[in-house]
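Below: one structure, written as structure tokens.
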Amino acid sequence: MRSEIKVFLFLIVCLLAGEWGTRWVEPELSKDVEHLEGLEAMAQRLEPRGKSNVLVLGNSLARCGLDQGLLSEGWRLPSGGAAQVEVLTPDASGIVDWGQGFRRYVVETGSRPEVVVVGTGRVHLNDPMEVQSERLAAWLVPKDERWAFVKDQKWGMEEAIPFWLASWSRLFANRERIEPLVFYRLVPGYEETSRLINHERGVAMAGRSGGKELGAVTTRHLQRLIDDVAKVGARLVVVTMPVPEVYEMPREAVEMLKANGVLLIEGGSKMTMEAGRFPDGYHLDGEGARRFTTWLTGSLNASFGDTDRR
Amino acid sequence: MWFNSFSFIAFFAVVCVVHGVLGHRLRNLWLLGCSYFFYGCWDWRFLGLIVFTTTFEFVSGRAIAASESVKVRRRWLTASVVVEMSILGVFKYLGFFVTELHQLLRLFGWVEEPSWTLNILLPAGLSFFTFQALSYTVDVYRGQTKATGSFTDFALFIAFFPQLVAGPIERSNHLLPQVENPRPPLDERRFRIGLYHVLTGIFKKVVIADNMAWLSNHVFQGSGGLGELNGLEVLLGVYAFAFQIYGDFSGYSSIAVGVAMWLGFDLMENFRRPYFATSPTEFWSRWHISLSTWLRDYLYIPLGGNRMGRWKTGRNLMVTMLLGGLWHGASWTYVAWGGLHGLWLVVHRFVMRERGSRQGWWKAALGMVGTFHLVCLGWLFFRAESFGQAGQLLGLLGAGGWVWTPYAMTCASLLMFFVLPWVAYEAWVELAGSDLALLEKPWLVRACFYGWLLLMLLCFPPPVPSEFIYFQF
């Protein structure tokens, strides 16, 4: 067995070198990692009270579709100040990521935003959801809540093992980021092709999750986020982001938000944009973001004004 | 419980630990229990079917061996064939033929809508374990295998988990003696060979097959419709599928061989670098070897093989391949796939052989490229969801308009990135003339090779994991 032991030792050395190398180049791996690495600093900026802090939870829909400058300028918060907008918008994230990220970077750090805005699409607030357990483990789930999280998710071995591996190893946590990094730079047409194929998958998934009912996973996590936001004394606003096809939120989600006194602004069904505003077929461009944010700040000011008057 | 899952790693670790401390008889009992558990993880409801098949073939084998009378022996053999074919017929083909019958009757106006549909669940690996069970009875009848007296051993022969749901389809005279007799311990050689098979198998499945799957799916099930594709995209999509199915199935077989090797079993090689075949005949001596030799021994030769003249040989080849196609599933596209291969085997046999065997490297290279493309044409029918789709794709291939679109560029690049290094490695193995040539190299060479496999597995996982294709057969 001696020569096979050497083979194994060699592989272990390779893995250790990979782990070290990944930790070294981690922030360069993708904009998403850069964003995730910056969440601790974001939490610190949110800490001081009385600064009219707004935290936006969402994904690339919210990142591309909200013009932060316009939102800051145009939205007059109940406290009277201009909104200081911070974002927690990892790529392809959903309600599970936002809820856990909120716990880790807001509830646990003592940060106190005045308002929390969730910018979502329909599929990000509906079962079945694709959960990136590696990202959750490495960046979003509070460290001392990992066991409870895994237990709560009722995960089998296939989901739980990658979660634990990613919580220990940056190489494992980032392994899916290396492929796009290489292919986006070196493979001609890869970006367009992966977008096309992701769109096809999205259509297929939307077909599978086309029901109006909210799934059990979403219900649990949405309720928990509502409770956590209330716990830190912030107000929650859910905004549905425009995509090329007009959509409505799942009926149960709407009822749940109403029952908890959450303001819902349905941009996904009320704010229609021409196809040219979605250059990649899914996300708003700069002009689209400006138009949507202007419309949104109008709605927010009206709604918050109404609420204050009440 | 897929082979490339964490659940399987945990399951196999427990299997090995307990297996290591038991004696031979208890090992067989333990492996049988584990095999039933493994199958039960797919669908416990069909465990009864395996137990029934096992019991019936065990009794049949004993009855055939015990009787001196040709009539009695033949009666038991017939019963065995009828029972196994009935199981296959009901679970795999009944729904299909009922639908087809309805279509036919409707054509004559004898029945009306709604169509007759039977939604029968297909047990995982049904075609594999029924063929394996059937071969045992036939072998006992022919006197090629001694009927076993141990039900546990026979049950393990049928249900041995590494090869239960997707082969290789083992023969009784190869696997059964290994079950019955004490097996060799896990020494360095066995560990080394097993490791090679398991690592290369996972690589072929996860890196090659799954990374090709999302590319080929775009051509065969893209939501944009076929009208948006051009000929080059279809060609590259078919290439992607050719390597997807090769990586998927040969990967599964490799893992099965490796895992069995660690447990002391030698399973047969199921693939031997099939895309290096220089003729259709050679392709079938390299692709799904356990099925092609099964069909040869239990169908082609009993039909008369090549002993009854030119035309009957051709007929036998066609019948064998058509049924081989149907074995894959209840669909006319599978039959067409089998028919195409049958046709090429016949043509190769009667046209090419008259010209003599090829000589010279360029003729071999030409034969390789030609065979690969004939095989790809077959894959187009195999993967197509209907004849209509296959026809449309063929039309696009012939229509020209071969433009380098983003998809075409991506597909070509990823074929080069994922597949080309593996093909180069296989070319080296082919030239070395030994399936396990790598294992004869110094440890550092093996370690670097495994390091590359590991790097690819870790850093280039497929965007969308896919199931093993052959489980559905």
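Chains G and B are the protein sequences, given in the same order.
Mapping of the first sequence onto the numbering used here: position 50 corresponds to residue 668, and the numbering continues sequentially without gaps.
Mapping of the second sequence onto the numbering used here: position 113 corresponds to residue 114, and the numbering continues sequentially without gaps.
For every residue, glycine included, the Cβ atom is placed at its ideal position computed from N, Cα and C.
Chain-ordered neighbours of residue i on chain B, where CB pairs are closer than 8 angstroms
i	result
I630/G	Within chain B, no residue comes near I630/G; the closest Cβ sits about 10 angstroms away, beyond 8 angstroms.
P806/G	P407, M410, T411, S414
R793/G	L459, C460, P462
E905/G	Within chain B, no residue comes near E905/G; the closest Cβ sits about 25 angstroms away, beyond 8 angstroms.
F789/G	Reading the sequence as shown, one finds Leu at residue 789/G and not Phe. Near L789/G (Cβ distances below 8 angstroms), the residues of chain B are L459.
E873/G	Simply none; closest approach about 32 angstroms.
CA-to-CA distance, residue j to residue i, given in whole angstroms
i	j	result
A261/B	R63/B	27 angstroms
E873/G	L743/G	13 angstroms
A413/B	M889/G	41 angstroms
L875/G	M867/G	11 angstroms
I796/G	V347/B	48 angstroms
E482/B	E726/G	Absent from the structure is residue 482/B, since the part of chain B shown begins at 2 and ends at 474.
F790/G	M269/B	35 angstroms
S70/B	W77/B	11 angstroms
F47/B	A125/B	8 angstroms
G150/B	G305/B	33 angstroms
G636/G	R788/G	9 angstroms
L456/B	V446/B	15 angstroms
E665/G	G656/G	15 angstroms
G368/B	G361/B	11 angstroms
D770/G	I203/B	31 angstroms
L432/B	F109/B	59 angstroms
I815/G	M86/B	41 angstroms
S36/B	A160/B	6 angstroms
G916/G	R909/G	11 angstroms
N671/G	D44/B	53 angstroms
E905/G	T738/G	19 angstroms
F383/B	F221/B	11 angstroms
E401/B	G389/B	It is Gly, not Glu, that sits at residue 401/B in the sequence shown. About 19 angstroms.
R172/B	I10/B	27 angstroms
V52/B	F130/B	11 angstroms
L454/B	F39/B	27 angstroms
A848/G	G719/G	16 angstroms
A871/G	T837/G	8 angstroms
S729/G	L679/G	25 angstroms
Three-way DSSP call (helix, strand, coil) for residue i in this model
i	result
Q702/G	strand
I170/B	coil
K830/G	Residue confidence is low: K830/G scores 49 on pLDDT, short of 50, so the model does not pin down where it sits. Its coordinate-derived value is still stated next. In the structure shown, K830/G sits in coil (DSSP, three-state: anything other than H, G, I, E or B).
R316/B	helix
R274/B	coil
E234/B	helix
R491/B	In the structure as shown, chain B begins at 2 and stops at 474. Residue 491/B is therefore absent and cannot be evaluated.
E665/G	coil
N816/G	helix
R107/B	helix
E794/G	helix
V861/G	coil
Beta-carbon neighbours of residue i, restricted to chain B and to distances below 7 angstroms
i	result
V625/G	W444, R447, A448, Y451
T811/G	P407, Y408, T411
I796/G	C460
Partner residues on chain C for residue i, Cβ-Cβ distance less than 7 angstroms
i	result
S621/G	Checking the listed chains, one finds no chain C in this structure; the protein chains it contains are G and B.
Residue i: contacting residues in chain G (beta-carbon distance under 9 angstroms)
i	result
R193/B	M619, S621, E622, V625
E69/B	The contacting residues do not exist; E69/B stays about 52 angstroms from chain G at best.
E189/B	M619, R620, S621, E622
L50/B	Going along chain G, no residue has its Cβ under 9 angstroms from L50/B, so there is no contact; the nearest lies around 26 angstroms.
Neighbouring residues, chain G, relative to residue i (Cβ below 8 angstroms)
i	result
W215/B	I815
L455/B	L629, C632, L633
Inset, instruction - Decide if the region 231-247 of chain B is in contact with the region 363-378 of chain B; the criterion is three or more beta carbon pairs, one per stretch, under 8 angstroms apart. - result: yes
Inset, instruction - Check whether the region 276-287 of chain B touches the region 176-195 of chain B, taking contact to mean three or more Cβ pairs, one atom from each stretch, closer than 8 angstroms. - result: no
Inset, instruction - Please determine if the region 291-304 of chain B and the region 317-324 of chain B are in contact, where contact requires at least 3 C-beta pairs separated by less than 8 angstroms. - result: yes
Inset, instruction - Can you give me, in chain order, the residues of the region 421-443 of chain B that have a beta carbon less than 9 angstroms from any beta carbon in chain G? - result: P443
Legend entry - Validate contact between the region 799-816 of chain G and the region 756-772 of chain G using beta carbons, cut 8 angstroms, 3 pairs: no
Inset, instruction - Check whether the region 683-701 of chain G touches the region 752-761 of chain G, counting contact only when three or more Cβ pairs, one atom from each stretch, lie closer than 8 angstroms. - result: no
Legend entry - Interface residues of the region 4-16 of chain B facing chain G [CB-CB below 9 angstroms]: S6, F7, S8, I10, A11
Inset, instruction - Would you list, in chain order, the members of the region 764-778 of chain G that have their beta-carbon closer than 8 angstroms to a beta-carbon of chain B? - result: G774, M775, E776
Inset, instruction - Assess, as a yes-or-no matter, whether the region 209-222 of chain B is touched by the region 402-417 of chain B under the definition of 3 or more beta carbon pairs within less than 8 angstroms. - result: yes
Inset, instruction - Would you check if the region 128-145 of chain B and the region 48-68 of chain B touch, i.e. whether three or more CB-CB distances between them fall below 8 angstroms? - result: yes
Inset, instruction - Output, in sequence order along the chain, the residues in the region 384-401 of chain B whose CB is closer than 8 angstroms to any CB in chain G. - result: none
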